[in-house]
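Please read the structure below before turning to the comments.
There are 2 protein chains.
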Amino acid sequence: MIINVGIVEDEKQIRESLTVLINGSEGFTCLYAFETAEEAILAIPTLNLDVVLMDIHLPAKNGIDCIAELKPKHHSIQFLMCTSFEDTDSVFKALKAGASGYITKTTQPSKILDAIVEVFNGGSPMSSNIARKVVDSFQISNKENLEIQKLSEREKEILNLLSQGFRYKEIADKLFLSTETVRTHIRNIYEKLQVNSRTDALNKTFPK
Amino acid sequence: MIINVGIVEDEKQIRESLTVLINGSEGFTCLYAFETAEEAILAIPTLNLDVVLMDIHLPAKNGIDCIAELKPKHHSIQFLMCTSFEDTDSVFKALKAGASGYITKTTQPSKILDAIVEVFNGGSPMSSNIARKVVDSFQISNKENLEIQKLSEREKEILNLLSQGFRYKEIADKLFLSTETVRTHIRNIYEKLQVNSRTDALNKTFPK
DNA sequence: ATAAAAATACCACTTTAGTAGTAGTGCTTA
DNA sequence: TAAGCACTACTACTAAAGTGGTATTTTTAT
């Protein structure tokens with residue numbers, strides 16, 4: 008089993024040393040290396056690549072947009088970002104576009120090969136501080152959750168049903184309450200949260 | 008520099024072998040191992056732990072809720088899930104609760120020690136398929152975004168204002184339209200999305 | 001050039017949501 | 001034990017949202 012790797016990287020030196028690294032290692036081959044996103048977008052659909060190493064900064068169209076175009080149509084290709092940018096914004100944009108891994112250019116050669124294997128096998132190799140950024144992004148809710156803590160258990164239960172779009176009557180039926188009781192609870196929820204509509208209540212408690 | 012590790016794990020055998028592993032390795036010490044979430048919640052605030060290995064399945068309160076209670080008050084402690092559950096739901100709940108890493112019990116001993124070091128150093132160690140789940144979760148938007156693509160520019164603009172909780176009159180004023188026009192747009196949005204309320208429309212287009 | 005889609009707008013109507021006041025029961029705790 | 005909160009429930013009302021039909025103008029695509 009040989010992993011077919013493509014490269015999209017504008018800096019000649021990096022592109023060539025990556026090519027040499029990959030072709031010099033058993034189990035890998037790199038037959039195509041592109042300088043621009045545009046070339047890659049034209050060629051890649053006709054090739055049979057397993058993994059594509061993608062830089063972010065490229066002359067015209069950037070690497071993130073390049074993935075965004077290719078990934079939806081070529082789901083079996085695994086895109087691995089290999090770049091020097093590691094700001095939160097770049098990381099999340101790349102992952103949203105369809106990258107499955109994210110390593111920095113400073114990664115040592117043997118680790119780059121490891122990452123290629125890992126992404127090929129369905130993993131998501133990431134540099135350690137990038138993984139942390141990604142994991143931390145799940146925890147944001149804690150801040151605003153101060154709001155939700157003002158509510159009683161019953162109120163949270165009703166808010167949760169509100170968030171799913173149920174009407175008062177449906178909530179009442181689910182909880183075996185009268186519609187009027189549901190109405191009262193919601194009035195109290197709104198007062199505690201200092202809002203006066205369902206959407207405002209949800210935006211305060213389930214942000215983002 | 009010695010990393011102070013705590014363990015919360017109900018199965019005696021696993022708890023003890025983890026303790027032995029950690030105490031037998033240079034640079035690590037494990038002075039406290041708890042059988043239940045309740046014990047951990049009582050004791051941990053008084054200890055000075057760097058990393059806590061947490062199981063999910065525990066007798067009464069589970070490990071995720073245990074983290075949810077401890078993490079907000081003890082931000083410097085790094086929680087590392089070590090469990091046999093690796094369903095999507097458990098993973099995301101744990102990360103939301105405040106876990107910074109997630110490995111499975113089948114991880115080999117040396118890798119467990121590596122993960123402890125990594126989480127202690129601000130990384131987020133994860134088993135390879137768990138990392139992929141996490142990364143894939145960023146791409147979900149692409150699926151549901153098929154929904155939003157059915158809408159015209161004006162409709163997306165109005166949907167966006169709807170999501171912020173504005174009423175028809177307010178949207179009309181912002182866009183210099185009549186309320187009736189806004190009403191018509193919203194009717195068309197709902198028809199395209201096959202929903203019949205603001206909350207349902209938002210849940211279909213801005214999921215999660 | 002013509003059909004389709006998008007954007008604008010009105011009327012009339014029904015349903016749902018939100019506001020206000022009130023009140024009984026039961027549990028907790030100071 | 002009295003005050004406070006949570007949970008339940010009612011009436012009455014107003015405001016907002018949602019449904020249906022229709023129509024003109026502009027833009028876009030075939």
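Chains E and P supply the protein sequences, listed in that same order.
When you line the first sequence up against the working numbering, it's residues 8 to 215, in that order.
When you line the second sequence up against the working numbering, it's residues 8 to 215, in that order.
We put the CB at the ideal spot given by N, CA and C, even for glycine.
Sequence-distant residues of the same chain with beta carbon closer than 7 Å to residue i, five excluded per side
i: Arg161/E; result: His192
i: Thr26/E; result: Ile14, Cys37 and Ala40
i: Pro66/P; result: Asp17 and Thr43
i: Lys199/P; result: Lys157 and Leu158
i: Lys140/E; result: Thr95 and Val98
i: Ser170/P; result: Leu209 and Phe213
i: Ala47/P; result: Val15, Phe41 and Cys73
Whole-angstrom distance between residue j and residue i, CA atom to CA atom
i: Lys100/E; j: Tyr109/E; result: 11 Å
i: Ser246/E; j: Glu18/P; result: Outside the displayed range of chain E (8 to 215) lies residue 246/E, so it cannot be described from this structure.
i: Met61/P; j: Thr186/P; result: 55 Å
i: Lys176/E; j: Asn167/E; result: 15 Å
i: Leu120/P; j: Cys89/P; result: 12 Å
i: Pro116/P; j: Pro132/P; result: 14 Å
i: Cys73/E; j: Glu33/E; result: 29 Å
i: Glu93/E; j: Gln85/E; result: 19 Å
i: Glu76/P; j: Val142/E; result: 18 Å
i: Lys211/P; j: Ser91/E; result: 36 Å
i: Met8/E; j: Ser107/E; result: 21 Å
i: Phe213/E; j: Arg22/E; result: 44 Å
i: Thr206/P; j: Ile71/P; result: 29 Å
i: Gly172/E; j: Lys118/E; result: 48 Å
i: Lys163/E; j: Gln201/P; result: 28 Å
i: Ile155/P; j: Arg174/E; result: 24 Å
Neighbour flag for residue i against chain E, beta carbons, 8 Å
i: Val141/P; result: yes
i: Thr95/P; result: no
i: Lys103/P; result: yes
i: Arg205/P; result: yes
i: Asn136/P; result: yes
i: Met133/P; result: yes
i: Ser32/P; result: no
i: Asn167/P; result: no
i: Gly130/P; result: yes
i: Glu125/P; result: yes
i: Phe99/P; result: yes
i: Phe145/P; result: yes
i: Asn69/P; result: no
i: Ser83/P; result: no
i: Ser107/P; result: yes
i: Asn210/P; result: yes
Counted within 10 angstroms of its Cβ, other Cβ atoms place residue i as buried (16 or more) or exposed
i: Lys150/E; result: Unreliable positioning characterises Lys150/E in this predicted model, as indicated by a pLDDT of 49, which lies under 50. The coordinate reading is nonetheless provided below. Under this definition Lys150/E is an exposed residue.
i: Arg194/E; result: exposed
i: Pro79/E; result: exposed
i: Ile63/P; result: buried
i: Lys203/P; result: Note on residue identity: the sequence assigns Asn, not Lys, to residue 203/P. When all chains shown are included, Asn203/P counts as exposed.
i: Leu49/E; result: exposed
i: Gly105/E; result: buried
i: Ile137/P; result: buried
i: Thr53/P; result: exposed
i: Asn69/P; result: buried
i: Phe183/E; result: exposed
i: Leu153/E; result: exposed
i: Gly31/E; result: exposed
i: Gly130/P; result: buried
Proximity test, Cβ basis, 8 Å: residue i and chain P
i: Phe92/E; result: no
i: Gln201/E; result: no
i: Glu154/E; result: no
i: Arg161/E; result: no
i: Gly13/E; result: no
i: Gly172/E; result: yes
i: Gln115/E; result: no
Close-in-space but distant-in-sequence residues of the same chain around residue i (CB under 6 Å, 5 per side omitted)
i: Ser134/P; result: Ile110 and Thr111
Close beta carbons around residue i, own chain, < 8 Å, minus the five adjacent residues each side
i: Val12/P; result: Ile29, Phe35, Thr36, Cys37, Leu56, Asp57, Val58, Val59, Leu60 and Ile123
i: Thr188/E; result: Ala179
i: Phe127/E; result: Ile10, Asp57, Val58 and Gln85
i: Glu45/E; result: Ala67 and Lys68
i: Thr114/E; result: Cys89, Ala122 and Ser134
i: Ile165/E; result: Ile178, Leu182, Val189, His192, Ile193 and Ile196
i: Glu125/E; result: Gly108, Ser131 and Pro132
i: Glu20/E; result: The displayed chain sequence assigns Gln, not Glu, to residue 20/E. Within the same chain, Gln20/E has no close Cβ partners at all.
Residue i CB to nearest heavy atom of the ligand MN below 7 Å
i: Glu45/E; result: For the ligand MN, the structure offers nothing, since it holds no ligand at all.
Inter-residue CB distance, residue i and residue j (contact presumed, cutoff 8 Å)
i: His82/E; j: Ile51/E; result: The pair is not a contact, with the Cβ atoms about 13 Å apart (cut-off 8 Å).
i: Phe145/P; j: Leu102/E; result: 4 Å
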